[in-house]
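Accompanying notes for the structure given below.
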Amino acid sequence: MNAAGPPFSSHAFLRLIEDYGLTGHWNWAFEANIQTWSLGFYRLLGLEPGSVRPSYDLFRDRVHPDDLAMVETVSEIRVDGLLRDHAIRVIRPDGSIRILATRGEIYVTPEGRPLAAAGTVLDITEPERLERAQALERQRRLALFAAVRSFEFSSSVDGRFNHPQELFSLTGLPADEIADNPYVAIVAQEREHWRSHCLAARSAGSVHITTPLVPLMAGGQGRFMVVTVPVLDAQGRIAEWSSLAQPLAVGSLAVSGALRAGLEQAVRGHHLRAGRALLDWSMLDMARASGLSLSTIRRLEANVEAAAARSRHVAIAALRASGIGFRLMDHNRIAVLCRPT
């Protein structure tokens, strides 16, 4: 097959479609020779998550023989720093074939020596599955907005906002006006205060909560709470900012997608230990419940694992399944609580 430009979109969309089994990601630290695969990446290759140790050679073994020549070798990646975009076929253990679009990036030292690699893989075998995933996400967002006037949006690291239609419906402001100045959606007397607050938090790379007064198209004004979190890439760098806005009076709402991932990346070792203690779990209990190794649990609790490591999300999912919750509080503090299961 020929290489093709994969239809990659925002981090939020890629996280969404991983739930549908359509995407996965991987990373590779060269010096330690440690590779990590997401649950979705295992599934794209037709493998049970955690059933085999991640290996680039194992990935190449799954590539269709006619497409293997275009896929970089270990030496080309680790020594030459080559990692191109492709559209390739992979053969799963059951004999089925999937077409995957791949996109990768090499990270180098200041001297230009390859240090690590990371990539995202998207299943493009059936384009209609992507379309269905997008349609379901649109329905979910519209239902959320209709019920409580809650909506999600994202912004890039250079400050470009991706505002949804819900914001325009809420305020009555035209898209081009908000595009020129996203803070125009805040009443004039509070605009500079919240703009300065947000810019300072973004500069610090921190989670932040704002409660601006917003003009409403229906008349009057409404106080909203906006939670914004940095979403990190495999190297711990901010890939984008994800936000959830809702009327202040609504209270807490369940979050998903990139926003949830960003919030979970802020959970540190002492939060995990607290959750484990509330359940009276040992580290070994935690390892068994999550399917992670005991050494991985130790690294997570010692804050040695990268903030964006998939293992962090797996550990948190195990705690959630047993009734542990994490709540963002004022001043970016995270509360750990135990709910009845």
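The sequence shown begins at 1 in UniProt numbering and counts up by one.
For glycine and all other residues, C-beta sits at the position ideal for the given N, C-alpha and C.
Being a predicted model, the structure only gives us computed values, none of them experimental.
Open item on the list: Can you find the residues in the same chain that come closer than 8 Å, C-beta to C-beta, to residue 79, ignoring five residues on each side of it along the sequence?
Closed with: 114
Open item on the list: Which runs of the beta strand (DSSP E) at least 3 residues long sit entirely within the region 40-119? Give them in chain order.
Closed with: 86-91 and 97-108
Task: Cβ pair residue 87, residue 101 closer than 8 Å - done: yes
- [ ] Would you mind giving the Cβ-Cβ distance between residue 161 and residue 182, rounded to the nearest angstrom? I have them listed as a contact below 8 Å.
- [x] 5 Å
TODO: Tell me whether residue 220 is buried or exposed, calling it buried when 16 or more other Cβ atoms sit within 10 Å of its Cβ.
DONE: Exposed, because fewer than 16 other Cβ atoms sit within 10 Å of the Cβ of residue 220.
TODO: Could you check if residue 128 is buried or exposed, using at least 16 other CB atoms within 10 Å of its CB as the buried criterion?
DONE: exposed
- [ ] Measure how close the beta-carbons of residue 310 and residue 75 come, nearest whole angstrom, since I'm counting them as under 8 Å.
- [x] That pair is no contact at about 26 Å.
- [ ] State the DSSP-derived secondary structure class of residue 303, mapped to helix, strand or coil.
- [x] In the three-state reduction of the DSSP assignment, residue 303 falls in the coil class, being assigned neither a helical nor a strand state.
Task: Inside the region 133-172 only - beta strand (DSSP E) runs reaching at least 3 residues - done: Listed in chain order, the complete beta strand (DSSP E) runs (minimum 3 residues) inside the region 133-172 are 151-155.
TODO: Compare the Cα-Cα distances from residue 98 to each of 57, 77, 121 and 28 and report the closest residue.
DONE: Residue 98 has its Cα closest to that of 121, out of 57, 77, 121 and 28.
Task: Beta-ladder partner(s) of residue 214, from DSSP - done: 222
Open item on the list: Please report the straight-line C-alpha distance between residue 300 and residue 272, rounded to a whole angstrom.
Closed with: Cα to Cα, the separation comes out at about 8 Å.
Task: Bridge partners - residue 326, DSSP secondary structure assignment - done: Paired residues: 336.
- [ ] Go ahead and label residue 104 buried or exposed: buried means 16 or more other beta carbons lie within 10 angstroms of its beta carbon, across all protein chains shown.
- [x] buried
Task: Residues sharing a beta bridge with residue 342, DSSP - done: What is shown of the chain runs 1 to 341, which leaves residue 342 out entirely.
TODO: Specify, as a first and last residue, the run of the beta strand (DSSP E) that residue 235 falls within.
DONE: Run containing residue 235: none; DSSP gives neither H nor E here.
TODO: Could you tell me whether the Cβ atoms of residue 294 and residue 287 are closer together than 8 Å?
DONE: yes
TODO: Please report the Cβ distance between residue 240 and residue 154, rounded to the nearest whole angstrom; I am assuming they are in contact, meaning their Cβ atoms lie under 8 Å.
DONE: 5 Å
TODO: Sort 304, 305 and 338 by Cα distance to residue 320 and report the nearest one.
DONE: Nearest Cα to residue 320 within the set 304, 305 and 338: 338.
Task: Which listed residue (134, 41 and 132) has its alpha carbon closest to that of residue 119 - done: Minimum Cα-Cα distance from residue 119 among the listed residues 134, 41 and 132 corresponds to 41.
TODO: Quick one: grab the DSSP three-state call for residue 384.
DONE: Outside the modelled stretch of the chain, which goes from 1 to 341, sits residue 384, for which no answer is possible.
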